[in-house]
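Trainee: Quick one: this structure, given as structure tokens, is what I'll be asking you about.
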Ligand code: NDP
């Protein structure tokens, strides 16, 4: 059980706020509210077109910058390698900050190849405008490829994970290289919250179904970034540290796996399931 996970002396809160689809004034209000409620980790992306809203909310919160962990992601499906540095500077401007805690490659799709992409991101990291570099939607082969290319300082891999999706193969690889696992769509976009077993466990532990699922992730050492627009649900999702799921019940939840993806396909990529592991000079043809 942990409220934080640590790697290389950097601490990441184990529950973050997912911000997909939180845009405009109403989106900014939700981010403000989350910060008021105690969220200290915000997950955004260039693709979400809400970095400005995140930046405004962080500024309005009056919480000192070093106490908030901000992740953003390069929109690698659209941003060409030679545009990455400029696009990153734009993210900094939108987020109204001098540095990002974690910068991710959003999808394993590149205009040239993985090596070039990593070179650019780690060059940005050397400038200290980025504290950590990570990846998203990478399968075990791609993780191995990063390591083989000499990039063994990958902070995290952000992928879909929840009880309806088995990620045991990927987990082994991330463990091996000490890469922090981050679960997106941790509630399978709400679908899991009506599951019979989850509802039974919710009664047993006197917790909400969402709390059972998020606790299950936390006990496995996963960071989770649930999204909610509702005050009570935002509170629930943060309040998972006062109970423990037994080993038997952990297994019961593991047994729910059925290869269900809440995000089966992102803009033409097939995520981490069946991407080729080798990239030619012209990059992956995914789009
Ligand atoms: P989630 O699994 O977080 O589910 C969000 C849905 O669940 C919303 O409809 C929300 O409704 C509902 N919900 C949230 N909390 C509760 C609760 N306690 N009780 C009942 N319902 C609840 O899905 P997301 O896809 O949004 O994933 C979370 C984040 O992960 C994204 O916002 C984004 O930041 C990131 N992500 C990253 C991807 C990537 O490629 N790297 C891909 C997809 C997501 P309501 O708002 O009404 O509470």
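Numbering (the numbering used here), first residue to last: -1 to 285. Using N, Cα and C, we set each Cβ at its ideal position, and we do this for glycine too.
1. Do residue 147 and residue 104 come within 8 angstroms of each other at the CB atom, strictly closer than that value?
2. Does the Cβ of residue 165 lie closer than 7 angstroms to at least one heavy atom of ligand 1?
3. Where DSSP assigns a beta bridge to residue 182, which residues make up the other side?
4. Take residue 2 and list the residues in its own chain whose beta-carbon comes closer than 8 angstroms to its own, dropping the five residues that flank it on each side.
5. Return the CA-CA distance between residue 306 and residue 203, expressed in angstroms with no decimal places.
6. Look up residue 13 in the DSSP assignment and give the residues it is bridged to.
7. Identify whether residue 264 lies in helix, strand or coil by the three-state DSSP scheme.
8. Rounded to a whole number of angstroms, what is the C-alpha to C-alpha distance between residue 65 and residue 0?
9. Spatial neighbours of residue 55 within its chain, please: CB distance less than 7 angstroms, with the 5 preceding and 5 following residues excluded, ordered by chain position.
10. With a threshold of 6 angstroms on Cβ separation, who are the neighbours of residue 116 within its own chain once the five nearest residues in sequence on each side are excluded?
11. Between the region 184 to 201 and the region 239 to 251, can you find at least three pairs of beta-carbon atoms closer than 8 angstroms?
12. Could you check the C-alpha separation between residue 223 and residue 208 for me, to the nearest Å?
13. Under 8 angstroms between C-beta atoms, does residue 54 make it to chain D?
14. Could you check whether residue 97 and residue 186 sit closer than 8 angstroms to each other, using their CB atoms as the reference points?
15. Nearest-angstrom Cα distance between residue 50 and residue 131?
16. Does the region 235 to 244 touch the region 161 to 176, meaning 3 or more C-beta pairs lie closer than 8 angstroms?
17. Going along the chain, which residues of its own chain have a beta-carbon closer than 7 angstroms to the beta-carbon of residue 94, five neighbours each way excluded?
18. Would you say the beta carbon of residue 223 is closer than 7 angstroms to some non-hydrogen atom of ligand 1?
19. Measuring alpha carbon to alpha carbon, tell me which of 19, 63, 230, 256 ends up nearest residue 193.
20. Do residue 16 and residue 39 have their beta-carbon atoms positioned less than 8 angstroms apart in this structure?
21. What number of angstroms, rounded off, separates the C-alpha of residue 84 from the C-alpha of residue 205?
22. So, with DSSP's three-state summary, where would you put residue 110?
23. Would you grab the beta carbon distance between residue 156 and residue 134 for me? Rounded to a whole angstrom, and I think it's under 8 angstroms.
24. Going by DSSP, what residue range makes up the beta strand (DSSP E) through residue 61?
25. Alpha carbon to alpha carbon, what distance is there between residue 5 and residue 232?
26. Going by CA-CA distance only, name the one from 216, 195, 82, 92 that's closest to residue 102.
27. To the nearest angstrom, report how far apart residue 237 and residue 110 are at their CA atoms.
28. What does residue 5 pair with, by DSSP beta-bridge criteria?
29. For residue 171, which three-state DSSP category applies?
Mentor: This is what the structure gives:
1. Residue 104 sits at position 106 when you count from the first residue of the chain shown. Residue 147 sits at position 149 when you count from the first residue of the chain shown. Against a cut-off of 8 angstroms, the Cβ pair of residue 147 and residue 104 comes out as no contact.
2. In the chain shown, the residue the question calls residue 165 occupies position 167. Incorrect: residue 165 has no Cβ contact closer than 7 angstroms to ligand 1.
3. Working through the chain shown from its first residue, we reach residue 182 at position 184. Looking at the DSSP assignment, residue 182 forms a beta bridge with 158.
4. Translated into the one-based positions of the chain shown, residue 2 becomes position 4. Excluding residues within five positions, the ones whose Cβ falls inside 8 angstroms are 9, 10, 11, 12.
5. Examination of residue 306 is not possible in this model, given that the chain is present from -1 through 285 alone.
6. Start at 1 with the first residue of the chain shown, and residue 13 comes out as number 15. For residue 13, which the question treats as bridged, DSSP gives the partners 222.
7. Taking the first residue of the chain shown as 1, we reach residue 264 at position 266. Since pLDDT at residue 264 reaches only 49, below the 50 mark, its modelled position is unreliable, and no value is offered.
8. Here the question's residue 65 lines up with position 67 in the chain shown. Here the question's residue 0 lines up with position 2 in the chain shown. Cα to Cα, residue 65 sits roughly 17 angstroms from residue 0.
9. Here residue 55 refers to the residue found at position 57 when the chain shown is read from its first residue. Cβ neighbours of residue 55 beyond the five flanking positions: 26, 29, 30, 33.
10. Walking along the chain shown from the start, residue 116 turns up at place 118. If we look at residue 116 and ignore the five residues flanking it on each side, its Cβ neighbours are 149.
11. yes
12. Looking up residue 223 in the chain shown gives position 225. Looking up residue 208 in the chain shown gives position 210. If you take the alpha carbons of residue 223 and residue 208, they lie about 12 angstroms apart.
13. The structure shown contains no chain D, having only a single protein chain.
14. Residue 186 sits at position 188 when you count from the first residue of the chain shown. Residue 97 sits at position 99 when you count from the first residue of the chain shown. For residue 186 and residue 97, no; Cβs fall outside 8 angstroms.
15. The residue given as residue 50 occupies position 52 in the chain shown. The residue given as residue 131 occupies position 133 in the chain shown. Approximately 21 angstroms between the Cα atoms of the pair.
16. no
17. Taking the first residue of the chain shown as position 1, residue 94 is located at position 96. Around residue 94: 53, 57.
18. Indexing the chain shown from 1 puts residue 223 at position 225. Yes - ligand 1 has a heavy atom lying nearer than 7 angstroms to the Cβ of residue 223.
19. The count along the chain shown starts at 1 and reaches residue 193 at position 195. Nearest option by C-alpha distance: 256.
20. Within the chain shown, residue 39 is the residue found at index 41, counting from 1. Within the chain shown, residue 16 is the residue found at index 18, counting from 1. No, Cβ-Cβ distance for residue 39 and residue 16 is not below 8 angstroms.
21. Residue 84 sits at position 86 when you count from the first residue of the chain shown. Residue 205 sits at position 207 when you count from the first residue of the chain shown. Cα-Cα distance, rounded: 45 angstroms.
22. Within the chain shown, the letter at position 112 stands for residue 110. Correct three-state label for residue 110: coil.
23. Along the chain shown, read from residue 1 onward, the residue named residue 156 stands at position 158. Along the chain shown, read from residue 1 onward, the residue named residue 134 stands at position 136. 4 angstroms between Cβ atoms; contact.
24. Mapped onto the chain shown, residue 61 falls at position 63. Segment: none, residue 61 is in no beta strand (DSSP E) and carries neither H nor E.
25. Here residue 232 corresponds to residue number 234 of the chain shown, with the count starting at 1. Here residue 5 corresponds to residue number 7 of the chain shown, with the count starting at 1. So the two alpha carbons sit approximately 26 angstroms from each other.
26. For the purposes of this step, residue 102 is taken as the residue at position 104 of the chain shown. Among 216, 195, 82, 92, the Cα nearest to that of residue 102 belongs to 82.
27. Sequence index remark: in the chain shown, residue 237 carries index 239 (1-based). Sequence index remark: in the chain shown, residue 110 carries index 112 (1-based). The alpha-carbon atoms of residue 237 and residue 110 are separated by roughly 43 angstroms.
28. Locating residue 5 in the chain shown gives position 7, where the first residue counts as 1. Bridge partners of residue 5: 8.
29. Your numbering for residue 171 matches position 173 in the chain shown. DSSP places residue 171 in helix when its eight states are reduced to three.
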